[in-house]
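Everything on this sheet refers to the single structure shown next.
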Amino acid sequence: MSKPYVVGIDIGGTNTVFGIVDTRGTVLASSSIKTLKHSDFNDYVDELHTELTKLMADTGTTGQIHGIGIGAPNANFFTGMVEECANLPWPTPLPLARIVSDKFGIPVAITNDANAAAIGEMTYGAARGIKDFIMITLGTGVGSGIVINGQLVYGHDGFAGELGHVISKRTNGRLCGCGRTGCLETYCSATGVARTAREFLEIRNEPSLLRNIPIDEITSKDVYDAAMAGDAIAKEIFDYTGNILGEALADFTVFSAPEAFIIFGGLAKSGELLFRPMRNSMEKNMLSIWKGKVRILPSELKEADAAVLGASALGWEAK
30 MSKPYVVGID IGGTNTVFGI VDTRGTVLAS SSIKTLKHSD FNDYVDELHT
80 ELTKLMADTG TTGQIHGIGI GAPNANFFTG MVEECANLPW PTPLPLARIV
130 SDKFGIPVAI TNDANAAAIG EMTYGAARGI KDFIMITLGT GVGSGIVING
180 QLVYGHDGFA GELGHVISKR TNGRLCGCGR TGCLETYCSA TGVARTAREF
230 LEIRNEPSLL RNIPIDEITS KDVYDAAMAG DAIAKEIFDY TGNILGEALA
280 DFTVFSAPEA FIIFGGLAKS GELLFRPMRN SMEKNMLSIW KGKVRILPSE
330 LKEADAAVLG ASALGWEAK
């Protein structure tokens, strides 16, 4: 009898979430560790092994894992390597699949974390039945997974879909962790929202609830809470962010004509604070042949489950 379970692992810039999944796509159990806790990758894998081994024991799945699928920033499906990544604390290139496989004694397959989320959304969430869509993940950075005719786009080298590093501001743009300036993720990620808040507070004099927080400690959640409390500057920060993201979505439509954009990640929980300006900006900047045709949809999956389920699907193919 074939082994009936796989493991899905989502390595984010802040947290790593992992779960055990059965053949029907049910997450039996999940847990997490801090990605940034260990500067040495082998120490990180040791903790992952310890915690995942406990999870297997608790669920009675020890020895029954067919494979491990991993979604991680800049993870290359073809080579099993993380070639380069600004949001992870370890030196690259990193042979992620080989190291994890050797540690667990289980076959491993990897892909970009946003691609993994796209697979999960296409199978279980808002993209069910949609053959052409783009997944946009708004977390520590901005990721994307491009699906055309029901297939993920990897490109010739496995790196297609890095839309967070499309330049959104070519003049006086913010420095990005990738080394370039003006990348979309420097404005529209959770960290980008916090950067916008600091800039607004430094150059303006209006009162704001955000001034009650040390400026270097402001997070996107703080901006959300202030906006929900009626803070004018916080609301303007979301308008600013949504406008930039909407412009980008209009540009992205040109190259693949998606039926929908699926918005996923912590920042998507901001709801209409972000979606209203994003939607208005996209329509304002959309080429006329696509006006009114492209939807913007929030993810229908739990934030953790989408990437875990997507990554786990790779586990069935791991060899």
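Quick note on numbering: the sequence shown equals residues 30 to 348 in my numbering. Quick reminder that beta carbons are idealized off the backbone N, C-alpha and C, glycines included.
Have a look at residue i and residue j and give me their C-alpha separation to the nearest angstrom.
i, j, result
"residue 292", "residue 122", "29 Å"
"residue 344", "residue 144", "14 Å"
"residue 79", "residue 275", "42 Å"
"residue 84", "residue 183", "32 Å"
"residue 49", "residue 235", "49 Å"
"residue 142", "residue 242", "32 Å"
"residue 86", "residue 273", "46 Å"
"residue 322", "residue 74", "45 Å"
"residue 52", "residue 58", "14 Å"
"residue 201", "residue 166", "25 Å"
"residue 301", "residue 92", "46 Å"
"residue 296", "residue 168", "7 Å"
"residue 102", "residue 258", "34 Å"
"residue 88", "residue 76", "19 Å"
"residue 304", "residue 331", "18 Å"
"residue 158", "residue 287", "13 Å"
"residue 298", "residue 131", "37 Å"
"residue 198", "residue 72", "38 Å"
"residue 56", "residue 133", "20 Å"
For residue i, which residues from the same chain have a beta carbon less than 6 Å from its beta carbon, with the 5 sequence-adjacent residues on both sides left out?
i, result
"residue 215", "203, 205, 221"
"residue 341", "35, 37, 50, 98"
"residue 326", "155, 289, 291"
"residue 124", "110"
"residue 282", "319, 323"
"residue 138", "98, 343, 346, 347"
"residue 329", "154, 155"
"residue 210", "202, 204"
"residue 223", "247, 248, 249"
"residue 68", "118"
"residue 126", "109, 137, 139"
"residue 90", "34, 49"
Please state whether the Cβ-Cβ distance between residue i and residue j is less than 8 Å.
i, j, result
"residue 335", "residue 149", "yes"
"residue 117", "residue 190", "no"
"residue 99", "residue 40", "yes"
"residue 338", "residue 96", "no"
"residue 212", "residue 232", "no"
"residue 170", "residue 146", "no"
"residue 187", "residue 106", "yes"
"residue 237", "residue 161", "no"
"residue 245", "residue 306", "no"
"residue 32", "residue 94", "yes"
"residue 219", "residue 249", "yes"
"residue 270", "residue 207", "no"
CB-CB under 8 Å to residue i, same chain, minus the five flanking residues each way: which ones, in chain order?
i, result
"residue 239", "226, 230, 247, 251, 252, 255, 260, 262, 263"
"residue 265", "229"
"residue 61", "44, 45, 46, 47, 333"
"residue 63", "43, 44, 45"
Within a Cβ cutoff of 7 Å, which residues of the same chain sit near residue i, ignoring the five residues on either side of it in sequence?
i, result
"residue 279", "311, 314, 315"
"residue 81", "36, 47"
"residue 119", "70"
"residue 164", "143, 146, 147, 150, 173, 174, 291, 293"
"residue 54", "152, 153, 338"
"residue 114", "102, 103, 121"
"residue 65", "43, 118"
"residue 185", "none"
Tell me where the beta strand (DSSP E) around residue i begins and ends.
i, result
"residue 141", "137-141"
"residue 16", "Residue 16 falls outside the range modelled here, since the chain spans only 30 to 348, and no answer is possible."
"residue 165", "162-167"
"residue 45", "44-51"
"residue 63", "56-63"
"residue 289", "289-293"
"residue 326", "324-327"
"residue 174", "171-177"
"residue 95", "94-101"
"residue 39", "34-40"
Looking at the secondary structure, which residues open and close the alpha helix (DSSP H) in which residue i lies?
i, result
"residue 283", "261-285"
"residue 232", "219-232"
"residue 87", "70-88"
"residue 129", "125-133"
"residue 258", "Per DSSP, residue 258 belongs to no alpha helix (DSSP H) and is neither H nor E."
"residue 305", "301-314"
* Determine, using beta-carbon pairs with one atom in the region 298-314 and one in the region 178-185, whether at least three such pairs fall under 8 Å. => no
* Are at least three pairs of beta-carbons, each pair with one atom in the region 107-115 and one in the region 313-328, less than 8 Å apart? -> no
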